[in-house]
Each structure stands twice: as C-alpha cells, then as structure tokens.
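These notes concern the structure reproduced below.
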Amino acid sequence: AQAEHGPDSEPWLLSPDLPLLERVEAELSRQIQDLPRAEVARKALEKGGLVLTRDLEEAFALANLYAPEHLCLALADPLPWLGRVQHAGGVFLGEGSPEALGDYIAGPSHVMPTSGTARFQGGLAVRDFLKVIPVLGLSEGAVRTLAEKGALLARAEGLEGHARSLDLRR
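The sequence shown maps to residues 1 to 170 in the UniProt record's numbering.
Right, here's the structure in full:
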C-alpha cells in the first residue's frame, strides 16, 4: 500500500524469515499488475526493498536507524516488541492493524513525519496547535537557594549582568 503514495516513497520489509520475504515478493508482483498507480508503485519499490535480517533484533535496529513514517509490526505477538521502537511516525501492531486504516479511520494522524524526521518529531496532533507560555514563580527561600548557582552559571557564560541580578537576591 505504501508504494502507491508516490515515487519518493521507500517501502521496506525487514524480516529474518526468507520464505516470508519470497511470498511477499511474489504477491507484490501479482498486485502491481493491475494497480491503477502501478508506475508510481514500481518507482517507489525500486527505492525500498525486502531485507533479510539475521533476527528481529537486527530488523528493529535497522528500522530505528531509518525512522520510518509508518512502522508495521506484522508479528504474531507484536506488543512485547513495541518497547524496541525508538523512532517511528506511527506504529501499527499486528496483521489486524493495517496502516491503511490508520490513514483513514482508525485514529492515528495521517500527517506523519517523513524522510527520517521521526527521529525527532511525532505525527501532527492537537498539541501542535497549542501555544505554550512557560511561567516561573518562586518563593523567597527558593530564590535564595538557587541564586548562587544561577550566578555561577551566568558568569560561566560571560553574562555578568545576569549574575549580579541574582547576587542581589541572595
């Protein structure tokens, strides 16, 4: 399904199961024959691929390096493996959680980080439209406790005015 998004898509399948990879390759060949966006899918498939890994640990290590937009854990029992996911825009657990449902009706945002940006950004969510204003309010005792250390840091940065403003509060 991901291959038809666009020619810049990079669909990958990482698995230690060679027979599975062979079955998927055969199914891809069948499916692409009459796919309306077959040419787009072919170009995308040239950028992605099927990768035989030594084990699932290696598959997860590679997936985390790639930081995919969508990570489908097509495992019989995916939940124990979820903790190994460090970088993914969205994670889809098991055969019963297809990514296409996530795109349209099952809940995760369809606006996911692409091109490896899942290393530092999640999918678009309501929180992205909130403006956060930090507020600081300290007691006199807390100010006295922190001022000396703060002045030390200010001087280390060469900001003597900051340091003096803290010295006056000690």
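The beta carbon of each residue, even a glycine, is placed where N, CA and C say it ideally should be.
Compute the distance between the beta-carbons of residue i and residue j, then report whether it is under 8 Å.
{"i": "valine 132", "j": "glycine 123", "result": "no"}
{"i": "leucine 21", "j": "leucine 13", "result": "yes"}
{"i": "alanine 59", "j": "alanine 3", "result": "no"}
{"i": "glycine 94", "j": "leucine 65", "result": "no"}
{"i": "alanine 156", "j": "alanine 118", "result": "no"}
Alpha carbons only, please: which of the options is nearest the one belonging to residue i?
{"i": "leucine 152", "options": "Leu138, Val135, Arg170, Ser139", "result": "Arg170"}
{"i": "valine 24", "options": "Leu35, Arg42, Leu50, Leu79", "result": "Leu50"}
Round the Cβ separation of residue i and residue j to the nearest angstrom and send it over; I've been treating them as touching at under 8 Å.
{"i": "alanine 44", "j": "serine 9", "result": "4 Å"}
{"i": "glycine 102", "j": "glycine 90", "result": "6 Å"}
{"i": "aspartate 55", "j": "proline 16", "result": "5 Å"}
Could you check where the beta strand (DSSP E) with residue i kicks off and where it finishes?
{"i": "glycine 49", "result": "49-52"}
{"i": "leucine 101", "result": "Here leucine 101 belongs to no beta strand (DSSP E); instead the alpha helix (DSSP H) covers 99-104."}
{"i": "serine 139", "result": "Where serine 139 is concerned, there is no enclosing beta strand (DSSP E), given that its DSSP letter is neither H nor E."}
Please report the straight-line C-alpha distance between residue i and residue j, rounded to a whole angstrom.
{"i": "alanine 1", "j": "leucine 130", "result": "33 Å"}
{"i": "alanine 100", "j": "glutamate 69", "result": "13 Å"}
{"i": "threonine 145", "j": "arginine 164", "result": "15 Å"}
{"i": "aspartate 167", "j": "glutamate 140", "result": "13 Å"}
{"i": "glutamate 39", "j": "proline 11", "result": "15 Å"}
{"i": "alanine 147", "j": "leucine 159", "result": "14 Å"}
{"i": "serine 115", "j": "proline 7", "result": "13 Å"}
State the start and end residues of the unbroken alpha helix (DSSP H) segment that holds residue i.
{"i": "leucine 93", "result": "Careful: leucine 93 lies outside any alpha helix (DSSP H), inside the beta strand (DSSP E) at 90-93."}
{"i": "histidine 162", "result": "160-167"}
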